[in-house]
Amino acid sequence: MYDFAYEKPTALAAAVASLAGDMDAKALAGGQTFIPVLKQRLNKPTTVVDLAALGLVGITVTADSVTIGAMTTHGEVALSAAVQKAIPALANLASMIGDWQVRHRGTIGGSLANNDPSACYPSAVLALGATIVTDRRSIAADDYFQGMFTTALEQGEIITKVIFPIPQKAAYQKFRNPASRYAMVGVFVAKTAAGVRVAVTGAAQGGVFRHAAFEAALSANFSPDAIAGIATSADDLNSDIHASAEYRAHLIGVMAKRAVAGT
Amino acid sequence: MPQVTLTVNGKSHTVEVEGRTLLVELLREKLGLTGTHVGCDTSQCGACTVHLNGTSVKSCTTLALQADGGVVTTIEGLAAADGTLHPMQEAFREHHALQCGFCTPGMVMSAVDLVNSNPQGLSESDIRHGLEGNLCRCTGYHNIVKAVAAAWPVMHGKETVAAE
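Taken in sequence, the protein lines are chains A and B.
Just so you know, we're using the numbering used here here: the first sequence kicks off at 2 and counts up by one.
Just so you know, we're using the numbering used here here: the second sequence kicks off at 4 and counts up by one.
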């Protein structure tokens with residue numbers, strides 16, 4: 002790892018200023034992706050700005066929404082009785098990220114800022130139509146994800162919280178990489194008053210995406226049978242030593258059916 | 004050079020570190036606590052697991068400076084001052100839950116947190132899934148699972164270790 006200066010500001014404005022003043026400064030959330038990236042020398046920040054002392058932690062549940070502070074860990078979301086009651090699929094998703102040590106450090110804000118194409122959280126955010134709140138604005142999920150490791154965030158923009166509308170029902174199904182437990186394919190299905198939204202992670206070269214054909218079929222008939230005959234194109238899906246694009250295309254259908262059955 | 008102050012196994016330390024110094028490097032190289040192992044160094048194997056503020060973390064994936072002001076427990080901090088093993092260590096010994104021993108410090112630290120976090124009980128499946136972050140290449144895990152199951156009632160005061 003290259004060396005860097007380390008800062009741990011206690012005010013959001015100070016963190017924003019540190020990041021805005023230096024194009025090579027990087028924000029540190031839980032570090033469960035970022036520190037391995039630094040160790041591989043894939044990134045060489047001048048300054049690492051630790052967001053842990055900004056008070057961005059906590060979960061608030063109202064009648065129609067769940068709000069999660071950006072620095073809330075996967076473990077806290079997984080074990081939150083309030084989240085388990087309001088959006089059980091979200092707590093379940095968090096409980097399947099990595100392992101306990103990773104869940105004790107990794108955060109929702111870090112996952113979303115990084116937008117790894119095989120991360121779990123982007124699928125929940127996109128399928129539930131969540132709102133990402135930053136130090137300067139609110140961003141709708143549909144506008145936020147802009148391709149692999151690419152988001153609507155500006156240089157130095159810090160996610161402060163994520164607001165999830167509570168759906169009528171939802172479920173997440175994930176086909177894990179057997180060694181590392183990331184999503185080789187993950188499908189989040191949400192049934193809301195406005196219709197069904199289906200988001201797929203882990204599969205596509207461009208990162209998380211909505212599955213329009215599944216959404217239309219499930220909005221008309223919310224059952225696994227409704228999507229049983231719909232094939233997913235393997236174009237633009239990832240192909241690697243773990244799974245071919247064709248296999249991932251097949252898994253999207255299987256995971257989506259299981260998710261619908263599990264709501 | 005930045006300084007980090009933290010409590011390790013009940014003792015306060017102030018140490019000079021670099022920004023990039025990992026918590027495991029601080030423990031092993033600055034404090035000489037080599038019970039915490041580095042296995043994969045890629046956040047997968049869990050050999051470096053310690054407790055930071057009461058929960059299990061991978062010390063190879065935590066910066067020393069992130070632990071500033073924190074409380075760390077390593078494998079060296081589990082046994083009593085007189086050498087009496089922690090119930091989890093005793094259970095690992097009793098159930099032959101280690102062979103080469105390389106993964107054992109991390110495995111024990113994860114297992115202690117898992118048992119502490121689940122006072123309502125742990126099924127065999129809970130134990131297997133709860134230890135997903137720790138790899139063992141010798142035992143096949145079966146005796147580790149047995150040891151954790153055996154330590155649970157002792158740690159929760161429901162049973163004492165049977166005398167040999």
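Where is the CB? At the ideal position from N, CA and C, for every residue including glycine.
Please read all numbers here as calculations on a predicted model, not as lab measurements.
The beta carbon of A:ALA153 sits closer than 7 Å to the beta carbons of ILE140, ASP144, TYR145, GLN147 from its chain, once the five residues preceding and following it are set aside; these are given in chain order. Put simply, the CB of A:GLY32 is near chain B, with a gap under 8 Å to one of its CB atoms. Distance from the Cα of B:SER62 is smallest, within the candidate group B:GLY80, B:GLY72, B:GLY42, for B:GLY42. In this structure, the beta-carbon distance from A:ALA191 to B:GLN69 does not fall below 8 Å.
According to the DSSP assignment, A:TYR248 belongs to the alpha helix (DSSP H) that extends over 246-263. Ranked by Cα distance from B:VAL27, the first of B:VAL151, B:GLY13, B:GLY49 is B:GLY49.
Taking 8 Å as the cut-off, the beta carbon of B:VAL75 is found closer than this to the beta carbon of B:VAL11.
Shown here for A:GLY196: same chain residues with a beta carbon closer than 6 Å to its own, the five before and five after excluded, namely SER220 in chain order. Where A:TYR7 is concerned, the enclosing beta strand (DSSP E) starts and stops at 6-8. Rounded to the nearest whole angstrom, the C-alpha separation of B:SER113 and B:ASN146 is 15 Å. Secondary structure note for B:GLU32: it is in no beta strand (DSSP E), with a DSSP letter that is neither H nor E. The bridge partners DSSP lists for A:LEU29 are A:ASP51. Sequence-distant partners of A:ARG182 (beyond 5 residues in either direction) whose C-beta falls short of 8 Å from its own C-beta, in its chain, are MET97, ILE98, GLY99, ASP100. DSSP, read as helix, strand or coil, puts A:HIS212 in coil. By the neighbour-count definition (other C-beta atoms within 10 Å, threshold 16), A:ARG137 is an exposed residue.
Annotated three-state conformation of B:GLY133 is helix, per DSSP. Within the stretch 60-141 of chain B, the runs of beta strand (DSSP E) that reach at least 3 residues and sit entirely inside it are, in chain order, 74-76.
Among the CB atoms of chain B, one or more fall inside 8 Å of the CB of A:SER181. A:TYR122 and A:LEU129 have their C-alpha atoms some 11 Å from each other.
A:ALA14 places its beta carbon 8 Å or farther from that of A:SER119. Nearest CB-CB separation between B:GLN47 and chain A: below the 8 Å threshold. For A:HIS105, the residues of chain B that pass the 7 Å Cβ criterion are THR58, SER59, VAL60, in the order they occur in the chain. Under the Cβ criterion (8 Å, minimum of three pairs), the stretch 75-94 of chain B counts as touching the stretch 151-159 of chain B. For A:SER224, the three-state secondary structure derived from DSSP is coil. The stretch 21-41 of chain A makes contact with the stretch 156-176 of chain A, as at least three CB pairs between them are under 8 Å. Nearest CB-CB separation between A:ALA82 and chain B: not below the 8 Å threshold. Each residue's CA atom was taken as its position, placing A:THR47 and A:TYR7 some 9 Å apart. DSSP, reduced to helix, strand and coil, places A:PRO166 within a strand of the structure shown.
Between B:ASN137 and B:GLY109 a beta carbon distance of about 5 Å is seen, short of the 8 Å cut, so the two are scored as contacting.
Around B:THR65, the beta-carbon contacts reaching into chain A at under 8 Å are GLY32, ILE36, ARG106. Under a criterion of Cβ atoms nearer than 9 Å, no residue of chain B is adjacent to A:PHE176; the nearest Cβ is some 16 Å distant. Look at B:GLN69: its C-beta is under 8 Å from a C-beta on chain A.
When the five nearest sequence neighbours on each side are left out, the beta carbons in the same chain lying within less than 7 Å of the beta carbon of A:LYS9 are those of ASP51, ALA53, ALA54, in order along the chain.
Distances from the CA of A:ALA125 to each of A:LYS86, A:HIS105, A:PHE210 were compared; the closest alpha carbon is that of A:PHE210. In the three-state reduction of the DSSP assignment, B:LYS161 falls in the coil class, being assigned neither a helical nor a strand state. Every alpha helix (DSSP H) stretch that sits fully inside the stretch 86-112 of chain A and reaches 4 residues is listed by chain position as 89-96, 101-106.
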